[in-house]
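Residue numbers (UniProt numbering): 1 to 289.
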């Protein structure tokens, strides 16, 4: 009933909220992606997206289709691998940024390990900037991380707003430096926070530095200061600061998959894991537990 090609197009649009970005991800024309989505909508008899000249958003039925599409494609890939006899194997060095510590990425990795038991998966959790450096040095085969604005590399998983977050009762004094909770260099959100504050002429001071997301969360929950964070990944117990706080806009951030230069079994395994992450991309925006 539901064509896997149409489902892949739907997932790509749902994860990027852009027909243009989805077309680039899939290597198709934008008109072809639109056609695939329309055919899926015809098959379901429901509208899956609302779209105008400025934005693309999932409808309630579209949100429901996300889970169905992911599961259908997962079973489809398992069946294809079984009957074609293809077996992915080898060593795969995968790096994921700290942003995903509290998400359901472990479920995606668990499913990958179940589907590809002959892959020796090595996981590195680090700052996005550090992961990009390790990938460039040939120490990793695949990275899931934030992308620097000037860096065109990587396959877009999703785009999100960066926002200021802190404890619910935190109040900022406009006459005092902004208290910042940040990752150490080369943290990408750290660099963005400092850049926008300096551009606006706002004084700031660093009250906490930690390479661990849990460390930053603890400092923020204690009310020590504010931190820049993905809007869709706000940890429990922390809240987006209202516009009246007077802090400058942080803009948007891209989460991408970037492949290394290795070929052979590592490349095959990286492609299989990338496909699993893209298929289950909406779970990356959900907290674990």
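All residues carry an ideal CB built from backbone N, CA and C; glycine is no exception.
Straight-line gap, residue i to residue j (C-alpha atoms, nearest Å)
i: residue 164; j: residue 55; result: 23 Å
i: residue 28; j: residue 221; result: 45 Å
i: residue 262; j: residue 139; result: 10 Å
i: residue 177; j: residue 100; result: 30 Å
i: residue 117; j: residue 278; result: 20 Å
i: residue 45; j: residue 142; result: 38 Å
i: residue 197; j: residue 128; result: 21 Å
i: residue 230; j: residue 119; result: 31 Å
i: residue 162; j: residue 83; result: 44 Å
i: residue 133; j: residue 47; result: 43 Å
i: residue 185; j: residue 61; result: 42 Å
i: residue 37; j: residue 137; result: 39 Å
i: residue 268; j: residue 113; result: 14 Å
i: residue 264; j: residue 126; result: 26 Å
i: residue 110; j: residue 130; result: 24 Å
i: residue 274; j: residue 170; result: 39 Å
i: residue 224; j: residue 245; result: 16 Å
i: residue 79; j: residue 215; result: 42 Å
i: residue 77; j: residue 41; result: 22 Å
i: residue 72; j: residue 158; result: 21 Å
i: residue 174; j: residue 205; result: 13 Å
Integer Cβ distance of residue i from residue j, believed to fall under 8 Å
i: residue 144; j: residue 97; result: 7 Å
i: residue 151; j: residue 253; result: No, residue 151 and residue 253 are not in contact; Cβ-Cβ is about 12 Å, not under 8 Å.
i: residue 166; j: residue 207; result: Contact doesn't hold; Cβ gap of about 11 Å is too wide.
i: residue 233; j: residue 32; result: Rounded, the Cβ-Cβ distance is 31 Å, inconsistent with contact.
i: residue 91; j: residue 272; result: Actually they do not touch by this definition, with Cβ atoms about 13 Å apart.
i: residue 123; j: residue 16; result: With 8 Å as the limit, residue 123 and residue 16 do not qualify as a contact, their Cβ atoms being about 25 Å apart.
i: residue 192; j: residue 250; result: 6 Å
i: residue 66; j: residue 12; result: Contact doesn't hold; Cβ gap of about 12 Å is too wide.
Neighbourhood of residue i by C-beta, 7 Å cutoff - its chain only, sequence neighbours within 5 removed
i: residue 292; result: In the structure as shown, the chain starts at 1 and stops at 289, and residue 292 therefore has no counterpart that could be examined.
i: residue 190; result: 182, 183
i: residue 30; result: 19, 20, 23
i: residue 280; result: 70, 108
i: residue 87; result: 118
i: residue 105; result: 96, 284
i: residue 89; result: 118, 119, 265
Counted within 10 angstroms of its Cβ, other Cβ atoms place residue i as buried (16 or more) or exposed
i: residue 243; result: exposed
i: residue 53; result: exposed
i: residue 50; result: exposed
i: residue 1; result: exposed
i: residue 75; result: exposed
i: residue 3; result: exposed
i: residue 93; result: buried
i: residue 260; result: buried
i: residue 179; result: buried
i: residue 9; result: buried
i: residue 200; result: exposed
i: residue 237; result: exposed
i: residue 187; result: buried
i: residue 270; result: buried
According to DSSP, residues forming a beta bridge with residue i
i: residue 39; result: DSSP output for residue 39 lists no bridge partner at all.
i: residue 122; result: 93
i: residue 228; result: 164
i: residue 259; result: 142
i: residue 57; result: 50
i: residue 254; result: 147, 159
i: residue 88; result: Bridge partners of residue 88: none, in fact.
i: residue 178; result: 204
i: residue 239; result: 166
Beta-carbon contacts of residue i that lie in its chain and below 6 Å, excluding the five residues immediately before and after
i: residue 247; result: 164
i: residue 219; result: 181, 208
i: residue 172; result: 245
Beta-carbon proximity list for residue i, same chain, < 8 Å, skipping 5 on both sides
i: residue 43; result: 1, 2, 3, 6
i: residue 239; result: 165, 166, 167, 168
i: residue 57; result: 17, 49, 50, 51
i: residue 39; result: 3, 6
i: residue 25; result: 12, 16, 155, 156, 278
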